[in-house]
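Protein chains in written order, with our numbering: chain A, 3 to 159; chain B, 3 to 159.
Positions of the beta carbon are idealized from the N, C-alpha and C atoms, including for glycine.
These notes are about the structure you will find just below.
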DNA sequence: CGGAGGATTGCAAACCGTTTGCATCCTCAA
DNA sequence: TTGAGGATGCAAACGGTTTGCAATCCTCCG
């Protein structure tokens with residue numbers, strides 16, 4: 003994983019939510035504030051791109067906890083909207099702290115060689131998605147969209 | 003899985019490529035024409051939505067072959083562009099015969115309860131995707147996009 | 001038409017991310 | 001401070017997928 007290209011970094015990703023705000027949210031969700039929970043949130047807070055469970059695990063360092071604990075927590079955190087889950091099609095889920103404006107979301111451009119991730123601007127699919135729902139009588143509609151390609155560093159000569 | 007709603011069925015999906023055309027393509031790809039291969043293509047030919055490996059396997063009926071054979075064949079067929087792979091996020095890959103205009107593709111609206119699949123019109127992301135590639139210096143760019151929701155039959159009262 | 005050579009298959013075992021059961025531990029409200 | 005229930009660690013199981021290997025099948029060539 004390489005450093006994100008600053009010029010294309012989406013602004014809201016640079017604003018780190020203080021850990022205390024996060025634990026406040028935990029409390030509001032009636033979740034206990036445990037060491038693994040805090041450590042996981044802290045790791046996510048410090049990264050600007052989605053992390054796999056394994057990446058989170060190694061980032062925990064000496065605050066290490068069981069993999070199953072991370073898996074369980076990601077479900078809980080996702081359920082209460084603190085965290086967003088992404089699937090880049092390589093078989094490992096990735097997680098990112100939700101932006102503070104809880105309902106907005108964005109998509110990613112992923113290098114298929116080095117897994118470098120570019121965070122794109124806020125999603126533009128909402129109107130289209132709503133039309134689609136109306137036209138086909140669907141409710142609770144959502145979507146997934148990711149872009150893949152070779153980043154500048156990975157293009158062979 | 004329920005029958006697709008005819009009024010929203012995308013036209014090109016109704017045109018079945020004759021099996022002979024498909025085996026011709028196999029030949030051109032220097033692939034041997036084996037019984038499993040033909041049977042798999044024949045199953046795909048008869049379905050208008052993407053199928054999982056398991057669904058293909060059970061559809062094979064008495065032409066049954068090993069799961070590993072299907073997995074291996076899906077890779078080969080995908081590699082030569084005969085088949086397209088989709089990921090609806092439930093952990094099982096799905097496969098669909100490529101439309102005859104080899105480069106076009108479309109997306110899906112998937113019911114999260116009954117897995118009913120609506121095939122959408124041809125993709126509209128190409129320009130956007132190219133812009134994106136240019137702006138970030140990526141090459142070989144592609145994307146994935148699927149919509150999820152509750153279909154009319156699955157909306158609880 | 002028959003045989004050689006390489007692709008393809010079946011089978012079983014391995015893989016990998018993820019989930020789960022269970023006993024123990026810890027957090028938090030009373 | 002204490003009790004109840006949520007949370008954790010550990011190990012086993014799970015589901016989709018991949019892989020090694022020996023046996024088999026398609027094709028091409030003589």
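The alpha helix (DSSP H) with residue i in it runs from where to where?
| i | result |
| --- | --- |
| residue 141 of chain B | No alpha helix (DSSP H) contains residue 141 of chain B, which is instead part of the beta strand (DSSP E) from 141-152. |
| residue 46 of chain A | 37-47 |
Got a sec? Which residues, its chain only, sit under 8 Å from residue i by beta carbon, not counting five neighbours each side?
| i | result |
| --- | --- |
| residue 16 of chain A | Because the pLDDT at residue 16 of chain A is just 44, under 50, the model does not fix this residue reliably, and the point stays unresolved. |
| residue 75 of chain A | 38, 39, 42 |
| residue 135 of chain A | 141, 143 |
| residue 94 of chain B | 54, 55, 56 |
| residue 87 of chain A | 76, 80, 95, 96, 97 |
| residue 91 of chain B | 148, 150 |
| residue 126 of chain B | none |
| residue 71 of chain A | 38 |
Could you please give me the residues that DSSP links to residue i through a beta bridge?
| i | result |
| --- | --- |
| residue 78 of chain B | Its beta-bridge partners do not exist; DSSP assigns none. |
| residue 2 of chain A | Residue 2 of chain A is absent from the structure shown; chain A starts at 3 and stops at 159. |
| residue 88 of chain A | A:96 |
| residue 54 of chain B | B:96 |
| residue 124 of chain B | B:108 |
Output needed for residue i: all residues of its chain with C-beta closer than 7 Å, excluding positions within five of it in sequence on either side, in chain order.
| i | result |
| --- | --- |
| residue 79 of chain A | 85 |
| residue 131 of chain A | 143, 145 |
| residue 69 of chain A | 55, 59 |
| residue 73 of chain B | 55 |
| residue 128 of chain A | none |
| residue 28 of chain A | 35, 39 |
| residue 156 of chain A | 113, 115, 116 |
| residue 63 of chain B | none |
What does a CB cutoff of less than 6 Å around residue i pick up in its chain, not counting 5 residues either side in sequence?
| i | result |
| --- | --- |
| residue 13 of chain A | Low per-residue confidence applies at residue 13 of chain A: pLDDT is 41, beneath 50, and the placement is therefore not dependable, though the value from the model is reported in the following sentence. No residues qualify anywhere along the chain. |
| residue 67 of chain A | 38 |
| residue 7 of chain B | Interpretation of residue 7 of chain B is limited by its pLDDT of 38, a score under 50 that renders its predicted location unreliable; the figure taken from the coordinates is listed afterwards. Nothing listed; no residue qualifies. |
| residue 61 of chain B | 45 |
| residue 82 of chain B | 31 |
| residue 147 of chain A | 109 |
| residue 33 of chain A | none |
| residue 65 of chain A | 41 |
| residue 158 of chain A | none |
Q | Members of the stretch 130-152 of chain A that neighbour chain B once the beta carbon cut-off is set at 8 Å | A | So the close ones are 131, 134, 135, 137, 138, 139, 140, 141, 142, 143, 144, 145, 146, 147, 148, 149, 150, 151, 152.
(Q) To be precise: take each residue of the stretch 69-95 of chain B, compare its Cβ to all Cβ atoms of chain A, and keep it if any distance is under 7 Å. Which residues remain? (A) Correct list: 89, 91.
Q: Assess, as a yes-or-no matter, whether the stretch 21-39 of chain B is touched by the stretch 50-58 of chain B under the definition of 3 or more beta carbon pairs within less than 8 Å.
A: Too few Cβ pairs lie closer than 8 Å, so no.
(Q) Does the contact criterion of 3 or more C-beta pairs under 8 Å hold for the stretch 125-142 of chain A versus the stretch 143-152 of chain B? (A) Judged by pairs of C-beta atoms under 8 Å, the stretch 125-142 of chain A touches the stretch 143-152 of chain B, as three or more such pairs exist.
Q.
Tell me which residues of the stretch 94-117 of chain B have at least one Cβ-Cβ distance to chain A shorter than 7 Å, keeping chain order.
A. Hits within the stretch, in order: 111.
Q) Looking at chain B, which residues of the stretch 28-54 of chain A have a Cβ within less than 7 Å of any of its Cβ atoms? A) For the stretch 28-54 of chain A, the set of positions with a beta-carbon nearer than 7 Å to some beta-carbon of chain B is empty.
Q) Okay, do the stretch 102-109 of chain A and the stretch 115-124 of chain B touch, 3+ Cβ pairs below 8 Å being the bar? A) No, they do not touch.
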